[in-house]
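Residue numbers for the sequence shown follow my numbering, so the first one is 2 and each next one is one higher.
Where a beta carbon is used, it is the ideal one built from N, C-alpha and C, also for glycine.
Here the structure is a predicted model, which means the values were calculated and not measured.
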Amino acid sequence: MEKVVLLNNWKHIKDKLSGMGRIYFGSEFCDYILPSPKDVDRLIKMRKDTNIAFSIVTPYLNQRRLTQLTKLLIFINVHTPEIEVIVNDWGVLHMLYTRFPRLQAVLGRVLSRQKRGPFVKVRSEFVQIEKLGLKKTDQIYLKSSILQNDHIVRLAKEYKIKRIGLDNTRQGIIFENKGFSIDLYYPYIYITTSNYCMTEMIERKRELFVKTDACRRFCFNSGLNKIKIGEEWVYLFGNTQFYPNDTTSMRGIPKYVNRLIKVSF
């Protein structure tokens, strides 16, 4: 099992590398903090010094960031084409496949099609999933992912995907060997994301649902904001909400689940 740390900035990076064999560097959810060629160059130098491998993480993108992404991919293609690029946008995957065929794409957890959120709303109250007493058929639905969608599995193979990311959701996962290696993300499980940066709204006390004109990276300094919904604590980082699930027992998990991704903010 390869241990990986997911980072989106350089803050206290040395403290987060203990016991790790690889860095996933970049942003899954915000194109304002897309890695730069300078970040890649710094990671190349770190790899030489520490022997820690790295992969670059890219988010879902708006059109305004395509030029920036293209410059990043050109730099990677020239200077370190052997590394993986984790993609969380089907358009970015198509771009890699058609314009940068040397680069190996990995499907990120944003594209995993898992059922998200640790609770559901029942009669105006938020109830934790594990307290619902669901039938087995309903449990199967809640545990399903991209692995149970044959059409997307076929599409992923057409795009030469060899690795897929899944969240370590509290309700569990139905693992099926579809020919992919699997990344398992913990302890912060992605619930939902937005084009609106809630962290900036909190920090600047702005009215809700106003898009930012320029990112001031408040998330790097504020860290996680904690919000209680019903009986559940939800964490906000930047424009994305998470819930915690630190259960990382590997008992019964198949061998093709071979990377454990520790999400760090």
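| query | result |
| --- | --- |
| If you count every other CB in all the chains shown that lies within 10 Å of the CB of T99, and 16 or more means buried, which is it? | exposed |
| For the alpha helix (DSSP H) that contains Y142, what are its first and last residues? | 137–144 |
| If you reduce the DSSP assignment to three classes, tell me which class N89 lands in. | coil |
| Between the stretch 146–159 and the stretch 223–238, can you find at least three pairs of beta-carbon atoms closer than 8 Å? | no |
| Taking one C-beta from the stretch 160–174 and one from the stretch 222–229 each time, how about it: are there three or more such pairs within less than 8 Å? | no |
| DSSP on N247, reduced to helix/strand/coil? | Reading off the sequence, residue 247 comes out as Asp, not Asn. Correct three-state label for D247: coil. |
| Specify the secondary structure class of Y191 as computed by DSSP and reduced to three states. | strand |
| State the Cα-Cα distance for the pair K12 and K256, rounded to the nearest angstrom. | 33 Å |
| Measuring straight from C-alpha to C-alpha, what distance separates P60 and K144? | 24 Å |
| Rounded to a whole number of angstroms, what is the C-alpha to C-alpha distance between I254 and S19? | 24 Å |
| Write down every uninterrupted run of the beta strand (DSSP E) in the stretch 48–79 whose length is 3 residues or greater and which is fully enclosed by it, in chain order. | 54–58 |
| Within its chain, find whatever has a CB closer than 7 Å to the CB of F55; leave out the 5 residues flanking it on each side and keep chain order. | R23, I24, F26, L44, R48, I84 |
| Which of the three DSSP states, helix, strand or coil, is assigned to Y197? | coil |
| Work out the CA separation of E177 and K136 for me, nearest whole Å. | 21 Å |
| In the DSSP assignment, find the alpha helix (DSSP H) that holds L156 and state where it starts and stops. | 151–159 |
| Measuring alpha carbon to alpha carbon, tell me which of F266, R260, N63, D184 ends up nearest E3. | R260 |
| Is F266 closer than 9 Å to N1 when the C-beta atoms are compared? | For residue 1 there is no data in the structure shown, the boundaries of the chain being 2 and 266. |
| Who pairs with N226 in a beta bridge, going by DSSP? | L237 |
| List the endpoints of the continuous beta strand (DSSP E) containing N9. | Run containing N9: none; DSSP gives neither H nor E here. |
| Taking the alpha-carbon positions, what's the L73 to L7 distance? | 19 Å |
| Taking the alpha carbon of R155 as the point to measure from, which residue in I174, G180, K227, Y142 has its own alpha carbon closest? | G180 |
| Closer than 8 Å by C-beta to P245: which residues in its own chain qualify, once you throw out the five before and the five after it? Chain order, please. | P188, Y189, I190, W234, Y236 |
| According to DSSP, what are the bridge partners of V264? | L7 |
| What does the Cβ neighbour count give for V79, buried or exposed, with the cut at 16 atoms within 10 Å? | exposed |
| Relative to the C-alpha of L94, which residue among I175, K163, R218, R217 is closest? | K163 |
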